[in-house]
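Participant:
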Amino acid sequence: MDRVRAGAAVALSAVLHLVTWAVAVGGVLLVVLGWETVVQPVLGLILLGLAVHLRPPADPVDADGVLRRTDAPRLFSLLDDIARALGGRSCDAVRLTPGFEVRAVRHGLRGTRLDLGLALWATLTPQQRVACLAQALAGLTGTDVSRHLLVRTALRIGSRPVAPSDDSAALRERAFATPRTSRRTDDLAEAAGRFRVDNALSRWTVWLVTWPLRQVVRLVRRLVAPLAAEAERRSDASAAEVASTEAAVAALTRREAAPALDTELRRLAVEARAFGREDASDALWGRLASHTANLPAAPSPGGAARSRAGLLAAAEPRPARVTLDPEAAAALERELEPAGRAVARRYIRDVAGLPG
């Protein structure tokens with residue numbers, strides 16, 4: 027059954043890409059071959075615009091937050107040790123983010139990148155960090171169909187919001203109504219209203235035209251969801267084998283506390299910006315770690331996370347195969363400190379909503 031699901035997901039994803047390419051090629055042909063007419067180039071431009079909308083959006087990469095091997099040799103050495111223990115490959119780059127997740131993603135044809143959330147990283151013990159890294163890298167060595175090139179790009183097709191404006195009906199009434207007194211005094215308002223109506227109508231058109239493709243994307247997502255969940259459980263088991271069962275369960279539990287910790291992180295960022303502390307970016311992650319250490323025992327995870335943690339706890343306990351001693355952990359902290367400071371500075375600026 028899993029093979030049928032995976033095959034169907036890949037096939038539907040291929041169809042989505044073929045449709046996108048067919049729309050683009052058709053648009054180019056209409057523009058080039060029908061240049062002597064008026065209608066065909068216009069239709070071609072419309073098709074090209076639709077193809078641009080349907081293309082998978084590029085994966086944004088902040089160059090300032092991306093580390094290569096020369097930037098963080100200790101981190102990549104740890105990743106290499108974990109990858110060898112898993113029997114897979116390491117990552118080509120590491121992107122530091124202010125979030126509460128650690129995940130390995132594929133980009134391009136064969137590239138791999140680790141997204142390392144510094145907020146989560148700061149709240150973990152050294153061995154729990156090993157568990158998170160192992161769980162992320164294990165996803166690259168498995169057979170998760172959602173990481174297939176065709177599938178992962180198809181899932182992002184049409185991801186741009188195209189929902190019609192909620193006040194489109196009111197805009198139509200305003201734009202198409204007869205002016206109450208003088209058109210001279212209302213010209214600017216009427217033009218603005220008509221522009222907004224045209225925009226709403228065009229979004230309605232795009233929404234209707236892309237509706238079938240978006241339903242196919244939803245079907246692909248439903249096909250890969252159980253396969254991705256099974257792959258996640260296998261990654262949990264691999265993390266327990268590499269970093270120990272205790273560390274894997276504790277790291278999973280800490281991840282489930284992310285919503286509460288995210289609220290505290292935002293409060294710290296706003297406070298730092300409001301009081302203009304010069305050392306705010308230096309101390310942000312440390313203050314979050316101190317707050318986490320002073321919390322009562324971490325709550326047990328719920329939902330799917332509870333099931334995953336229960337499966338790990340019920341299995342035979344595994345000792346650690348890759349360890350991170352306090353000295354190595356401290357050296358790794360010093361290595362990530364400059365880049366982490368830059369990420370904290372941007373996070374404080376963005377959360378506060380102020381320039382610079």
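For what it's worth, the working numbering labels the leading residue of the sequence shown as 27, then goes sequentially. Every residue, glycine too, gets a C-beta built ideally from N, C-alpha and C. All values derive from a computational prediction rather than experimental measurement.
1. Beta-carbon separation of VAL58 and SER172 under 8 Å?
2. Is there a Cβ from chain D that is less than 8 Å from the Cβ of VAL242?
3. Could you check if VAL243 is buried or exposed, using at least 16 other CB atoms within 10 Å of its CB as the buried criterion?
4. Please state the DSSP three-state secondary structure of LEU105.
5. Distance, Cα to Cα, GLN154 vs ASP107?
6. Suppose you measure from the CA of SER307 to the CA of GLU361; what does that come to, to the nearest Å?
7. Let's test the definition: count the other Cβ atoms within 10 Å of the Cβ of LEU140 and tell me whether it reaches 16, buried, or not, exposed.
8. Can you pull the DSSP bridge partners for THR167?
9. Tell me which residues share the same chain as ASP288 and place their Cβ nearer than 8 Å to its Cβ, disregarding the 5 neighbours each side in the sequence.
10. If you pair each beta-carbon of the segment 28 to 37 with each one of the segment 60 to 69, do three or more pairs fall below 8 Å?
11. So, for LEU56: in the same chain, excluding its five sequence neighbours on each side, which residues have a beta-carbon less than 7 Å away from its beta-carbon?
12. Are THR138 and ARG132 close, meaning C-beta to C-beta below 8 Å?
13. With HIS133 as the anchor, note down where its beta strand (DSSP E) starts and where it stops.
14. Which complete alpha helix (DSSP H) runs does the segment 273 to 321 hold, if anything under 4 residues is left out?
15. What distance in whole Å lies between the Cβ atoms of VAL41 and ALA77, which are believed to be in contact at a cut-off of 8 Å?
16. Using only alpha-carbon positions, find the residue among ALA164, VAL128, LEU150 and LEU80 that is nearest to GLN262.
17. Within its chain, find whatever has a CB closer than 6 Å to the CB of ALA346; leave out the 5 residues flanking it on each side and keep chain order.
18. Within 10 angstroms of its Cβ, does ALA298 collect 16 or more other Cβ (buried), or is it exposed?
19. Hey, how far is the Cα of ALA111 from the Cα of PHE301?
20. For LEU93, which residues does DSSP report across the bridge?
21. Where does the unbroken beta strand (DSSP E) through GLY139 begin, and where does it stop?
22. Give every residue of the same chain whose Cβ lies closer than 7 Å to the Cβ of LEU150, excluding the five residues on either side of it in the sequence, and list them in chain order.
23. Taking C-alpha atoms, which residue in LEU175, GLU342, LEU245 and LEU358 lies nearest to PRO99?
24. How should VAL46 be labelled, buried or exposed, when 16 other C-beta atoms within 10 angstroms of its C-beta is the threshold for buried?
25. Go to ASP28, then tell me how far its alpha helix (DSSP H) extends in each direction, as first and last residue.
26. Give me, in chain order, the residues of the same chain whose beta-carbon lies closer than 6 Å to that of ALA284; leave out the 5 immediate sequence neighbours on both sides.
27. Quick one: is SER39 buried, meaning 16 or more other Cβ sit within 10 Å of its Cβ, or exposed?
Facilitator: Looking at the atomic coordinates:
1. Residue 58 sits at position 32 when you count from the first residue of the sequence shown. Residue 172 sits at position 146 when you count from the first residue of the sequence shown. Contact: no.
2. Checking the listed chains, one finds no chain D in this structure; it contains a single protein chain.
3. Translated into the one-based positions of the sequence shown, residue 243 becomes position 217. Buried, since its Cβ has 16 or more Cβ neighbours within 10 Å.
4. Walking along the sequence shown from the start, residue 105 turns up at place 79. LEU105 falls in the helix class under three-state DSSP.
5. Your numbering for residue 154 matches position 128 in the sequence shown. Your numbering for residue 107 matches position 81 in the sequence shown. Cα-Cα distance, rounded: 15 Å.
6. For the purposes of this step, residue 307 is identified with residue 281 of the sequence shown, where counting begins at 1. For the purposes of this step, residue 361 is identified with residue 335 of the sequence shown, where counting begins at 1. When the Cα atoms are used, SER307 and GLU361 turn out to be separated by approximately 16 Å.
7. In the sequence shown, the residue the question calls residue 140 occupies position 114. LEU140 is buried by the Cβ-count criterion.
8. As a working mapping, residue 167 is identified with position 141 in the sequence shown. DSSP output for THR167 lists no bridge partner at all.
9. As a position in the sequence shown, residue 288 is number 262, starting the count at 1. Closer than 8 Å at the Cβ level, and outside the excluded window around ASP288, lie PHE126 and ALA145.
10. At 8 Å Cβ cutoff, the stretches do not touch.
11. Position 30 of the sequence shown, counted from the start, is the residue given in the question as residue 56. Around LEU56: GLN66, PRO67, LEU69, GLY70 and LEU73.
12. Position 112 of the sequence shown, counting from 1, holds the residue named residue 138. Position 106 of the sequence shown, counting from 1, holds the residue named residue 132. Against a cut-off of 8 Å, the Cβ pair of ARG132 and THR138 comes out as a contact.
13. Locating residue 133 in the sequence shown gives position 107, where the first residue counts as 1. Its beta strand (DSSP E) spans residues 128 to 133.
14. You should have 284 to 301 and 306 to 319.
15. For the purposes of this step, residue 77 is taken as the residue at position 51 of the sequence shown. For the purposes of this step, residue 41 is taken as the residue at position 15 of the sequence shown. Between VAL41 and ALA77 the Cβ distance is about 15 Å, and since that is not below 8 Å, they are no contact.
16. Taking the sequence shown and counting its residues from 1, one reaches residue 262 at position 236. Reading off the sequence shown, one finds Asp at residue 262, where the question assumed Gln. Closest by alpha carbon: ALA164.
17. Taking the first residue of the sequence shown as 1, we reach residue 346 at position 320. Once the five neighbours on either side are set aside, the close Cβ partners of ALA346 are ALA269 and SER270.
18. Here residue 298 is taken as the residue at index 272 of the sequence shown, counted from 1. With 16 or more other Cβ atoms within 10 Å, it is buried.
19. The residue you call residue 111 lines up with position 85 of the sequence shown. The residue you call residue 301 lines up with position 275 of the sequence shown. Using only the alpha carbons, I get a separation of about 47 Å.
20. Here residue 93 refers to the residue found at position 67 when the sequence shown is read from its first residue. Per DSSP, VAL120.
21. One-based indexing of the sequence shown puts residue 139 at position 113. With the sequence shown as reference, residue 139 is identified as Arg, and Gly is not the correct amino acid for it. 137 to 143 is the span of the beta strand (DSSP E), which, as asked, contains ARG139.
22. Taking the first residue of the sequence shown as 1, we reach residue 150 at position 124. If we look at LEU150 and ignore the five residues flanking it on each side, its Cβ neighbours are CYS158, ALA277 and ARG280.
23. To locate residue 99, count along the sequence shown from 1; it is residue 73. When only C-alpha atoms are compared, the closest one is LEU358.
24. Numbered from 1 along the sequence shown, position 20 holds the residue referred to as residue 46. Reading the sequence as shown, one finds Thr at residue 46 and not Val. Classification for THR46: buried.
25. In the sequence shown, residue 28 corresponds to position 2, counting from 1. ASP28 -> alpha helix (DSSP H) spans 28 to 59.
26. In the sequence shown, residue 284 corresponds to position 258, counting from 1. Around ALA284: PHE126.
27. Position 13 of the sequence shown holds residue 39. Buried: at least 16 other Cβ atoms inside 10 Å.
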